[in-house]
Amino acid sequence: MSRAFVKESDGAPEPPAARPESGHPNYVTRMGLAALEERLRAAEAAGDARDVGYLRRRIEYAIVVDLAVQPRDEVAFGATVTVEGQDEARHAFTIVGEDQADPTHGAISWISPLAKALLGAHVGEQVLWRRPAGDLPLTVVAIEYAA
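FYI, the numbering for the sequence shown is 1376 to 1522, going by the numbering used here.
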């Protein structure tokens, strides 16, 4: 076999591959920014160059949304929204930044299909959550913002 196309190792370790980043604006709550900063400190302490670079960029481009100026009668970034489905079961979701999202605990990214359906809605309005399992109508029953 020809050696012309075989890479010889120079002994230096390969740099870690960069983490993929979203092309969306990095909206965060104050709590979300604090969580990113804490994750950065932990990554630095662990010597995780890949996460350190990613987190530094996420913090650098973070756009902090002041929840105190969000409209109280409308679903916007940072809102905790209680919805009711056709089965009359109620569920609460908080609309957060991509890095803060944790759907199993009700924190959904502002770019998720559910958040997109809810953004701009008011109490009493019905929205349509478009999802692979089938569209689901939801009624907004409460909108709250953290202090």
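Ideal Cβ placement from N, Cα and C applies to all residues, glycine included.
I need the boundaries of the beta strand (DSSP E) containing residue 1486, first residue and last residue.
Element bounds for residue 1486: n/a, residue is neither H nor E.
So within the stretch 1403 to 1435, which uninterrupted alpha helix (DSSP H) runs reach at least 4 residues, ignoring any that extend past its ends?
Segments of the alpha helix (DSSP H) lying fully in the stretch 1403 to 1435: 1405 to 1421, 1424 to 1435.
For the structure I just gave you, are there three or more beta carbon pairs, one from the stretch 1485 to 1504 and one from the stretch 1415 to 1430, closer than 8 Å?
In short, these stretches do not touch, since the Cβ pair count stays below three.
DSSP state of residue 1478, grouped into three classes?
Reduced to three states, the DSSP call for residue 1478 is helix.
Quick one: Cα of residue 1432 to Cα of residue 1519, how far?
So the alpha carbons of these two residues sit roughly 30 Å apart.
Compare the Cα-Cα distances from residue 1396 to each of 1511, 1521, 1462, 1474 and report the closest residue.
Ranking 1511, 1521, 1462, 1474 by Cα distance to residue 1396 puts 1474 first.
State the Cα-Cα distance for the pair residue 1500 and residue 1481, rounded to the nearest angstrom.
Between the C-alpha atoms of residue 1500 and residue 1481 there is a straight-line separation of about 20 Å.
Inter-residue spacing [alpha-carbon to alpha-carbon] between residue 1497 and residue 1438
So the alpha carbons of these two residues sit roughly 25 Å apart.
In its own chain, which residues sit with a C-beta less than 6 Å from the C-beta of residue 1399, not counting the 5 before and 5 after it?
Cβ within range, chain order: 1486.
Nearest candidate by alpha-carbon position, reference residue 1517, set 1504, 1404, 1465, 1408:
Minimum Cα distance to residue 1517 is reached at 1465.
Inspect the beta-carbon positions of residue 1407 and residue 1471 and report whether they are closer than 8 Å.
Yes. Within cutoff.
If you reduce the DSSP assignment to three classes, tell me which class residue 1473 lands in.
Helix.
Residues of its chain near residue 1494, where Cβ-Cβ distance is below 6 Å and the 5 sequence neighbours each way are ignored
Cβ within range, chain order: 1450.
Taking C-alpha atoms, which residue in 1443, 1458, 1476, 1463 lies nearest to residue 1502?
Of the candidates 1443, 1458, 1476, 1463, the one whose C-alpha sits nearest the C-alpha of residue 1502 is 1458.
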